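In this text, residue positions in the sequence shown follow our numbering: the first is 1, and each later residue adds one.
Notes to accompany the following structure.
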Amino acid sequence: MPTSKSTLQFHLAIALGVVFVLVAIGTPNAKDDVPTLDDFWNKKAHFALVQPAPIIPGQGHREAFAVLRPDIGAQTIYLYYRCRTADIPPRYQICLAISSDNGASYPIEEGVMITPEDNHPFAVAPSVAKVRDRWVMVYEEGGAPSGTLWAESVDGIRWNKKGAIASNDRIYKATPSLYPYQDSVYVFYALGNPTGSNHLSISYSVGQDMIDLRPYANGDIFTGKLAWDKGSVSMPRVIFDGATHWLFFEGATQDQRCEGNNVYGWGIAKSTDLKTWVEFADNPIAQSNDSESCGMDLPQPVRLSSGAIAVYHTSDDVTNVLMATLRFGSTCLAWQTNPNWKEKNYQCILSCGGLGGSSCQNTKTCVNASRLGTSWDCASCCK
1 MPTSKSTLQF HLAIALGVVF VLVAIGTPNA KDDVPTLDDF WNKKAHFALV
51 QPAPIIPGQG HREAFAVLRP DIGAQTIYLY YRCRTADIPP RYQICLAISS
101 DNGASYPIEE GVMITPEDNH PFAVAPSVAK VRDRWVMVYE EGGAPSGTLW
151 AESVDGIRWN KKGAIASNDR IYKATPSLYP YQDSVYVFYA LGNPTGSNHL
201 SISYSVGQDM IDLRPYANGD IFTGKLAWDK GSVSMPRVIF DGATHWLFFE
251 GATQDQRCEG NNVYGWGIAK STDLKTWVEF ADNPIAQSND SESCGMDLPQ
301 PVRLSSGAIA VYHTSDDVTN VLMATLRFGS TCLAWQTNPN WKEKNYQCIL
351 SCGGLGGSSC QNTKTCVNAS RLGTSWDCAS CCK
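Encoded structure:
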C-alpha cells in the first residue's frame, strides 16, 4: 500500500477570496426543531459554517473525531484528534481535548492517547465508540502492514493497544471508523483500488466483536464516480438514522495524494443496506480551491446533544479545523436555481455555464464535466 496522504507535506492554500456564509453558536434548538439529513437530501436544509470556529488544539492537517459523553455531562464532548511531535520531520499521534459546552470550546487538553510504534511515522484518523462495556478506538498507523489498528479503554483516556483489526489480513486499510449496529460491530475503511494503488474505494468488515471481524465478501461498497471524487474516496464516517444510513466521505479528483493538480473535497451518500450507496447529486458540499494541498477534507460528523448534525473538517489551507452545522433553508435565493446556481463551500455560486463561459478561467487541470454546460467539477473555474 502506498504511503497515506496522512504523511505528505501540506502547503498553504492560494487565497481565492471566498466569502462564507457563517452562523453563530447559540442556544441549541429543541430536537423537534432541528433539520434532519432527509431535509438536507430534499434540499430543505444546508450546511453553514459555525462562527467563530471552535478552537481545536494542535496545528496543521488534523482529524477531529467528536464523541458525546453524557455519562460525564450533558454537554461534554471528547474530541480525539491528530497531534504532532516536535521532531523534524514530525511524527503524528492521537491526542484528546474535552469540551463542556457542546463543542463551542475545548479548553481541557488531556494530551497524547496513542503513539505509533518506534519505527512507524504516524497514528492518525481516530474513531471511537462504546462497544458493550468498553470504549474502543480504531485508527490508522503508517508502517503497520494492515494499516488499521485498535485499542480499548474503560474511561476513554487510558488506552490499551490490541493490534490489527484482522491479524491474518495484510491488506492496508486507511482512515477507519467504528460503529456498533444491530448486535454487530462494523469497521469502515478505505482500500487501494486496485490493491496497492493510490486510488481508494470504501469497504467494511463486520463481526460480533473486534476479534471476529470479517471483510465484506463482495469487495468495495462505494467508489467515486463523479468528476470531483472519481480519483479516490476515503475517510468513511457513517450516521445510522433508522432505516437510512448516511455516509460522509472525502473525495479527490485524481488520487489520494496531496500534490500537483489533485483537488479534495467532502460529500454525502445514503443507503438502506450499507452495501449500495446513492451519492448526493450536488456533491461536493465543500471543495478545496488550492491545487497543492488537501483541504476541505477529513469530514467528521457528529450528532450533538441538541439533535443537530455538525461536521468537523479541515480548512482549505489545512491550518485549521472548521465546523459546519445543518440549518434549515438554502444559501441560494428562490431565483438562483440549477443549473446556473449551486450551493458549494457554504455560499451560492454561479456556474461557468451560467456565465456562458465568458469569464471562465481554469486555474487547475479540469477533467471532463460531470454536467454538460457547467463546471462544478472544476474547483475554481469562475472569477
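Glycine included, every Cβ here is placed at the ideal spot set by N, Cα and C.
No experiment lies behind these values; they were computed from the predicted model shown.
Mapping the DSSP letters down to three states, classify residue i as helix, strand or coil.
i	result
W335	coil
L304	coil
G357	With a pLDDT of 41 at G357, under the threshold of 50, the predicted position of this residue should be treated as unreliable, and no value is reported.
What does DSSP give as the partner residues of residue i in its beta bridges?
i	result
C83	Q93
L441	The first residue shown for the chain is 1 and the last is 383, placing residue 441 beyond what the model contains.
E343	C348
E250	S234, W266
R62	According to DSSP, which records beta bridges pairwise, R62 is partnered with nothing at all.
K173	Answer by DSSP bridge pairing: none, since K173 is not bridged.
T244	D241
Cβ of residue i within 8 Å of any heavy atom in the ligand ATP?
i	result
K275	In terms of ligand content, the structure shown is empty, and the ligand ATP therefore cannot be addressed.
Under 9 Å between the Cβ atoms of residue i and residue j?
i	j	result
L247	A281	no
T253	G231	yes
D138	T148	The sequence as given places Val at residue 138; Asp does not occur at that position. Contact flag set, yes.
A48	A324	yes
I165	L213	yes
S177	P236	yes
P194	S205	no
S234	I211	no
E110	I157	yes
V238	Y179	yes
L274	Y172	no
S288	G260	no
A74	A310	no
Note down the Cα distance separating residue i from residue j, rounded to an integer number of angstroms.
i	j	result
T244	G224	20 Å
L226	N320	27 Å
T36	N338	23 Å
C360	L200	Confidence at C360 is low in this model, with a pLDDT of 42, below 50, so the placement of that residue should be treated as unreliable; the coordinate-derived value is given next. Spanning the two alpha carbons is a distance of roughly 31 Å.
N198	T175	14 Å
L322	Y346	12 Å
A190	W150	16 Å
V34	W341	26 Å
A334	C348	11 Å
R303	N283	21 Å
S105	N218	42 Å
T134	S184	The sequence as given places Arg at residue 134; Thr does not occur at that position. Straight-line Cα distance between these residues: approximately 15 Å.
R84	V318	14 Å
Y81	H61	10 Å
T272	F188	16 Å
L326	G103	15 Å
L298	G251	9 Å
L350	R257	29 Å
Return the first residue and the last residue of the beta strand (DSSP E) that residue i is part of.
i	result
F280	Careful: F280 lies outside any beta strand (DSSP E) and carries neither H nor E.
V233	232–241
E117	Element bounds for E117: n/a, residue is neither H nor E.
N160	159–164
C348	347–350
V311	309–314
S288	Unbroken run through S288: none, as it is neither H nor E.
V138	134–141
Q51	45–51
M323	321–328
The alpha helix (DSSP H) that contains residue i, what's its start and end?
i	result
L387	Nothing about residue 387 can be reported from this structure: the residues present for the chain run from 1 to 383 only.
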